[in-house]
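I have placed the structure first, in the form of C-alpha cells, so that the comments after it can refer back to it.
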Amino acid sequence: MASVYTVAQVTSYISHLFEEDFALKRISIQGEISNCRKHSGGHLYFTLKDETSTLSCVMFASNRAKLTFIPSEGMRVIARGSIRIYERDGVYQLYVTQLEPAGVGEWFRLFEERKAQFEEMGMFSEEYKKPIPRFAKKVGVVTAKTGAAIQDIINITHRRNPYVQLILYPTLVQGESAAVNIAAGIDYLDTLGLDVIIVGRGGGSIEDLWAFNEECVAMAIFRCETPVISAVGHETDFTIADFVADLRAPTPSAAAELAVFEYDTFENTLNLFAAQLSQSMQAFVESRKKELEHAKLSLKVSHPSVRLKAQSETLKQYEAQIKRQMMYLIDQKKAQLSIAAAKLEAQSPLKKVGGGYAFLTDENKKPVCSVNQMTPQTTFFAYLSDGIVQADVTKCMPKDKME
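All residue numbers for the sequence shown refer to numbering that gives the first Met the number 0, where the first residue is 0 and numbers rise by one.
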C-alpha cells in the first residue's frame, strides 16, 4: 500500500527540494512589476510578470532599504534572490535581495515617461516659476551633511557674502528612502521664511540621481512657496527636479553663485551709487538755489505794492483819458446843440411877427389858425415882436363874408 503524507509533509519536502536546487538559490529574473504594495513593517510585496506568466515576490525591509529607487507599477526590473516555498500557503515565491531596473535604457525610459507625465500636468510651466531674490539673506540647503556638494556651497557662500545665513537640512540623497527625506526637507525649510532653497547633490549615474526624479520630490518643489534652485549632479545631468524648480543650476557650486550676491561687488556698487547720488543731490540743490533766487527776484518785481502802484498809474491814465473824452463829447454836443438852437430859432413864429405881424393863441396857448376857432367874447393872445396883447373877440368874419 502506498504511503500517505500530510500536507505539511509534502510541502516541507518540496521546500527542501527548492532549497537544495542550486539554480533556484541564486537566480536573476526579469519582468514587469505589478500589484506593488508596501507592508507597514517595511517589506515590499509585488508580482513579476511577462507575456504568459506571473511570479509572486517579497523583499524584506532590510534589503528594501538598500534600493536606489522607488519600485512602481509597470517598471521593468531584474530581481535577484532565491525561490522558496511559503509553506503556510503552499506557494512558491521569489525572495528578492536585489532589485534594479532592467538596464540603463530602462532608467531613461522611466525618466522620459515621468517627464512627459509631469509636463502634461503643467508642473514645468513658466507661469509657476518664482523669481530668485537678488539679495538673499537666508538660504536653505537640502543635501547630504557630508560630501563635496555642501562644502562647495558653504565655501562659495562665505566667499561671496559672509553675512548670508545658511540653514542645512541634512538628508539622504541616494537610496529608496532618499526621495521621501528630500521632500520632507523642502517642506520643512519652506516653513522658516527663507529667501531661497537649494536642493541638490554631487554627480553620479542616473541610478544614483534617481531620488530627484521621484514624484514626491517633484510635488514638494512645486508646492513650495519659497523659490527653489535645483542643483543635481553635473552640467550634463538632468532630473525631474530641474524642470520643476524655479531655477536650474548646473552644479551645487553654481547654485550658490546664483543664490548669494557678492558682497564686495555690491558694496563697491553701493559706494558708486552713493557718490553718484551725492553729485546728483548737489546739482539738484544748486539748481534749486538758482530757481529760488529767480523766484525771489520775480516775487520782488511782482510784489503787490509794486503791482498796485503800476495799476494805480494805469488807472490815473484811464481817468485822464476818460475826462478828455468826456470834455470832447460835451464840446461836441454843445456845438450840435447850438446848431440845433439856431435852426429852431430860425423856424420860430416869433421871428415872423416883425413888420406888423402877430402870432395868435387861444386861452389854452394853442395857435389860432382859422376864424372858425374863435367866437365873440373869446379871449386870445397876440404875440408881437416886443410883447403880448391880451384881447377879446367882438366879431368874427370869414374871408368870404368880408365887405
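Note that the Cβ used here is the ideal one computed from N, Cα and C, for glycine as well.
For residue i, which residues from the same chain have a beta carbon less than 6 Å from its beta carbon, with the 5 sequence-adjacent residues on both sides left out?
i           : result
residue 241 : 229, 247
residue 169 : 144
residue 331 : none
residue 381 : 357, 359, 388
Write down the C-beta distance between residue i and residue j rounded to the nearest angstrom, noting that I regard them as a contact closer than 8 Å.
i           : j           : result
residue 225 : residue 189 : 5 Å
residue 83  : residue 18  : 7 Å
residue 73  : residue 31  : 6 Å
residue 147 : residue 201 : 5 Å
residue 255 : residue 131 : In fact, because the Cβ distance is near 12 Å, the residues do not count as touching under 8 Å.
residue 43  : residue 28  : Going by Cβ atoms, the distance from residue 43 to residue 28 rounds to 15 Å, so no, they are not a contact pair.
residue 152 : residue 197 : 6 Å
residue 361 : residue 376 : About 13 Å; that fails the 8 Å criterion.
residue 195 : residue 163 : So it is not a contact: roughly 10 Å between Cβ atoms.
residue 123 : residue 205 : That pair is no contact at about 19 Å.
Apart from the five residues just before and just after residue i, which ones in its own chain have a Cβ nearer than 7 Å to its Cβ?
i           : result
residue 173 : 67, 207, 210
residue 81  : 23, 24, 25, 26, 94
residue 160 : 259, 260, 261, 262
residue 149 : 140, 142, 143, 167
residue 203 : 232
residue 178 : 69, 210, 213, 215, 216
residue 326 : none
residue 236 : 202, 208
residue 60  : 40, 41, 42
residue 290 : none
Please classify residue i as buried or exposed, where buried requires at least 16 neighbouring CB atoms within 10 angstroms.
i           : result
residue 100 : buried
residue 58  : buried
residue 378 : exposed
residue 45  : buried
residue 213 : buried
residue 374 : exposed
residue 70  : buried
residue 133 : exposed
residue 62  : buried
residue 92  : buried
residue 185 : buried
residue 199 : buried
residue 98  : buried
residue 385 : exposed
residue 135 : buried
residue 223 : buried
residue 56  : buried
residue 244 : buried
residue 78  : buried
residue 391 : exposed
residue 336 : exposed
residue 251 : buried
residue 220 : buried
residue 180 : buried
residue 296 : exposed
residue 182 : buried
residue 109 : buried
Could you pull out every residue in the same chain whose Cβ sits closer than 8 Å to the Cβ of residue i, ignoring the five residues on either side in sequence?
i           : result
residue 64  : 41, 174, 175, 176
residue 396 : 370
residue 6   : 89
residue 86  : 7, 10, 11, 14
residue 118 : 242
residue 257 : 131, 228, 246, 248
residue 121 : 127
Contact criterion: CB-CB distance below 8 Å. Does residue i meet it with respect to chain D?
i           : result
residue 164 : This model lacks chain D altogether; it includes just one protein chain.
Per DSSP, residue i is paired with what?
i           : result
residue 136 : BP columns for residue 136 are empty, so no partner.
residue 197 : 140, 228
residue 98  : 78
residue 164 : 137
residue 390 : 379
residue 169 : 142
* Jot down the residue ranges of each uninterrupted alpha helix (DSSP H) in the region 8 to 92, minimum 4 residues, whole runs only, in chain order. => 21 to 24, 60 to 63
What are the start and end residues of each continuous beta strand (DSSP E) run of 3 or more residues lying completely inside the region 327 to 388, in chain order? 358 to 360, 378 to 383
- Run through the region 201 to 271 for me and flag every whole alpha helix (DSSP H) of 4 or more residues, listed as ranges in chain order. 214 to 222, 239 to 243, 251 to 258
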